[in-house]
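Since the structure comes first, as structure tokens, the remarks are kept for the end.
Numbering (our numbering), first residue to last: 122 to 592.
In structure tokens:
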């Protein structure tokens, strides 16, 4: 038997050979740990995962080397979406016992390429949602926590946060659905029970029922009645007078039809022809009108589709890329962490005119005002240092970012052109020198750019001012 404090073997005197703890206390602690483990196991079978978690944590308090309790606690954390806690328990378990330990199998099943990176992103999104909720930005928090729930549907804490946000926004039916999903995972979760009672005034009663399957009898087709065939009766006898009378009647009928019916029939045919002409013209006109209407509807639908596609790009991005709202959230996170340059670069992906949320517009304006000018100057300073150290490729990137953040930064644009010039990329150098002259006329940098253009064989007029260090 090993000591449950330091895992050292007991000596012959029934005391721990390392820390000196008595066998009596060790045995009592192990029995207590077993009791709480059994309690946790029973509660887990009833899907009282919160109660099971509490019991198992007590078991580990009395015996931290209780492998079964630690593995079961990890499974409960995994079931409720707390993957990081589950991994932590299983890693501890393997460190304490590395022979025939089920935790090895649990960990190996989670070693999927990219799994931990995706998990890390989801945890960051959840923490960001909590931060937004605490700041009162329910709409931004809702966007983040929905992404978490869609990727981790069994993450109890995320669903609880989603339910609370729905409650705050007055969407009680949606909140109730989320709470019921939580209670299907953890039937006695205290927060879920309390929120449910606040919504409905009664304690939840979620019962799992099996759907009964019934066999349906096939419909039998009723047999159709057979149609009796009439019999053909041969005429009896050979009455010539009857045949002659019949022929005479036919001749008289044809003559009467030719005299009386045909003129009227010709009139009817002419009338019908005119009627058909009118109907044909009306049909053609109706079809033309229908085609014109369909073309107008098509144009309207194409316009609406373009508008909806534009709105979709704002939220979801293009070709799986980052959407504008994602860029704002990323910028907000970087800004909160003190990375103003990173926040400013993130906002470059945002078109302010396409933002619909007032909260997003306000956040965009605040971060832009506080980061763009200072970040542009900071990036320019970094680029100038690289430029002086002959690291023109690195300097070029920094000057470009500096000018993108502040298009009034003449120095950044000029040294962007100088970097291209130093790298013998004359085409881009000429284009950017010309841009300096056009954007900042009658300035010292414009005069410097004119001189550099002449060196490259390009003549452009620009009033001469003083000169600055051109390098």
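We put the beta carbon where it would ideally sit given N, CA and C, even for glycine.
Given a cut-off of 8 Å, decide if residue 558 and residue 570 are closer than it, judged by their beta-carbon atoms.
yes
Runs of alpha helix (DSSP H) lying entirely within the region 302–327, each at least 4 residues, in chain order
311–321
On a Cα-Cα basis, can you pick out the residue from 279, 164, 149 that is closest to residue 204?
279
Cβ separation of residue 541 and residue 530, assumed to be a contact under 8 Å, to the nearest whole Å:
That belief does not hold up - the Cβ atoms of residue 541 and residue 530 are roughly 17 Å apart, past 8 Å.
Residues of its chain near residue 600, where Cβ-Cβ distance is below 6 Å and the 5 sequence neighbours each way are ignored:
As shown, the chain starts at 122 and ends at 592. That puts residue 600 outside it, with no answer to give.
Would you kindly check if the distance between the Cβ of residue 488 and the Cβ of residue 469 is under 8 Å?
no
Less than 7 Å between C-beta atoms, sequence neighbours within five positions excluded: which residues of the same chain meet that for residue 362?
Because the pLDDT at residue 362 is just 46, under 50, the model does not fix this residue reliably, and the value given afterwards should be weighed accordingly. Cβ within range, chain order: n/a, list empty.
Residues of its chain near residue 309, where Cβ-Cβ distance is below 7 Å and the 5 sequence neighbours each way are ignored:
169, 171, 172
Looking only at its chain, what residues have a beta carbon closer than 8 Å to the beta carbon of residue 265, apart from the 5 residues adjacent to it on each side?
246, 247, 249, 250, 253, 450
Would residue 514 and residue 465 be called neighbours here (beta carbons separated by less than 8 Å)?
no
Going by the CB atoms, is the gap between residue 293 and residue 263 shorter than 8 Å?
no
Compute the distance between the beta-carbons of residue 273 and residue 195, then report whether it is under 8 Å.
no
Once DSSP output is grouped into helix, strand and coil, what is the label at residue 551?
helix
For residue 343, I'd like the list of residues in its chain whose CB is within less than 8 Å of its CB, leaving aside the five on either flank, ordered along the chain.
Unreliable positioning characterises residue 343 in this predicted model, as indicated by a pLDDT of 42, which lies under 50. A coordinate reading is not provided.
Taking the alpha helix (DSSP H) that residue 466 belongs to, which residues open and close that run?
461–468
Own chain residues within Cβ distance below 7 Å of residue 276, not counting five before or after:
202, 269, 270
Within the chosen definition, does the region 207–219 reach the region 296–313 through at least 3 CB pairs nearer than 8 Å?
no
Starting from the Cα of residue 218, find the closest Cα among 236, 242, 188 and give me that residue.
188
Please classify residue 536 as buried or exposed, where buried requires at least 16 neighbouring CB atoms within 10 angstroms.
buried
Does the beta-carbon distance from residue 547 to residue 534 come in below 8 Å?
no
Relative to the C-alpha of residue 522, which residue among 498, 543, 232 is closest?
498
For a test of the three-state rule: what should DSSP assign to residue 542, helix, strand or coil?
helix
Evaluate residue 447 with the Cβ neighbour count: other Cβ atoms within 10 Å of its Cβ, from every protein chain shown; 16 or more gives buried, anything less gives exposed.
buried
Just to confirm before moving on: does the CB-CB distance between residue 164 and residue 176 stay below 8 Å?
yes
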